[in-house]
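If you read the sequence shown in my numbering, its first letter stands for residue 79, the second for the next number, and so on. We put the beta carbon where it would ideally sit given N, CA and C, even for glycine. Here the structure is a predicted model, which means the values were calculated and not measured. Just below is one structure, and these are the notes that go with it.
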Amino acid sequence: MALRIQDILYLYKTRGADLHGGEALTQLDHALQCARLAEEAGSPPELVVACMLHDVGHLLARRSQSAYGGVDVHAYLAVPLLRDLLPGAVVDPIRLHVDAKRYLCYSDPGYLEQLSPSSRRSLELQGGAFDAEGAHRFLREPHAEEAVLLRRFDDLARDPSRAAPPLSHYEPVLRACAMETA
Numbered sequence: 079m080a081l082r083i084q085d086i087l088y089l090y091k092t093r094g095a096d097l098h099g100g101e102a103l104t105q106l107d108h109a110l111q112c113a114r115l116a117e118e119a120g121s122p123p124e125l126v127v128a129c130m131l132h133d134v135g136h137l138l139a140r141r142s143q144s145a146y147g148g149v150d151v152h153a154y155l156a157v158p159l160l161r162d163l164l165p166g167a168v169v170d171p172i173r174l175h176v177d178a179k180r181y182l183c184y185s186d187p188g189y190l191e192q193l194s195p196s197s198r199r200s201l202e203l204q205g206g207a208f209d210a211e212g213a214h215r216f217l218r219e220p221h222a223e224e225a226v227l228l229r230r231f232d233d234l235a236r237d238p239s240r241a242a243p244p245l246s247h248y249e250p251v252l253r254a255c256a257m258e259t260a
């Protein structure tokens, strides 16, 4: 079953008020802040949409991570549901945003220390920092560079006092990127 635009908007309207992990902001606020940061940086629409949707797997799951044997799989849950709706330039960075964190922990000295406490905790569930082989494998993935940008925006989109445009602001961008006709 593929998600449609109306399904995505419904998820954010009905489940977006859930808190974003251990952060002091909601899933919707985090998504909108992330999209705004990408937009302000002049990112292409596909990356703006990827930023908005990167944690939609949390909204789909609505389960604790322990339900998956202590493994954080949110980056992968939405991918099969988004593949028929959105191009790889949107879906691949979503799929890779956790691996981008693991890559940055390997390649960027000091990156780990700048992560929020909840992001550091989730890193353990996500497999920890990559080694050299994992980092090289990540870099060969399509849209790996965009996933790193998404990750940087993700890390900054955790301020409960930062304003962002409403969900309706991003609906036209989402529709423009979508491969559906309706």
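With DSSP collapsed to three states, give me the class of residue i.
i, result
"L193", "coil"
"L245", "helix"
"L39", "In this structure the chain extends from 79 to 260, so residue 39 is not present and cannot be described."
"L97", "strand"
"P238", "coil"
For the alpha helix (DSSP H) that contains residue i, what are its first and last residues?
i, result
"F231", "A222 to L234"
"P171", "G166 to S185"
"H132", "Counting along the chain, H132 falls outside any alpha helix (DSSP H), and DSSP gives it neither H nor E."
"L159", "V157 to L160"
Expressed to the nearest angstrom, what Euclidean distance is found between the alpha-carbon atoms of residue i and residue j?
i, j, result
"Q204", "Y189", "16 Å"
"Q192", "S121", "23 Å"
"A119", "A178", "19 Å"
Beta carbon of residue i: closer than 8 Å to some heavy atom of the ligand SAM?
i, result
"A113", "As presented, the structure is devoid of all ligands, the ligand SAM included, so that no description of it is given."
Report task. State whether the region 91-106 contacts the region 248-259, with contact taken as three or more CB pairs (one from each stretch) at a distance under 8 Å. Result -> With the rule of 3 Cβ pairs closer than 8 Å, the region 91-106 does not count as touching the region 248-259.
Requested in this report: Check whether the region 82-91 touches the region 213-226, taking contact to mean three or more Cβ pairs, one atom from each stretch, closer than 8 Å.
Outcome: At 8 Å Cβ cutoff, the stretches do not touch.
**Report entry** Inter-stretch contact (C-beta, 8 Å, three-pair minimum) for the region 184-193 and the region 235-242
**Finding:** Because the criterion of three Cβ pairs below 8 Å is not met, the region 184-193 and the region 235-242 do not touch.
Report task. Pair every Cβ in the region 166-176 with every Cβ in the region 126-139, then say whether three or more of these pairs are closer than 8 Å. Result -> Contact holds: three or more Cβ-Cβ distances are below 8 Å.
Query raised in the report: Are the region 191-201 and the region 241-250 touching by the rule of at least three beta carbon pairs closer than 8 Å?
Result: No: fewer than three Cβ pairs fall under 8 Å.
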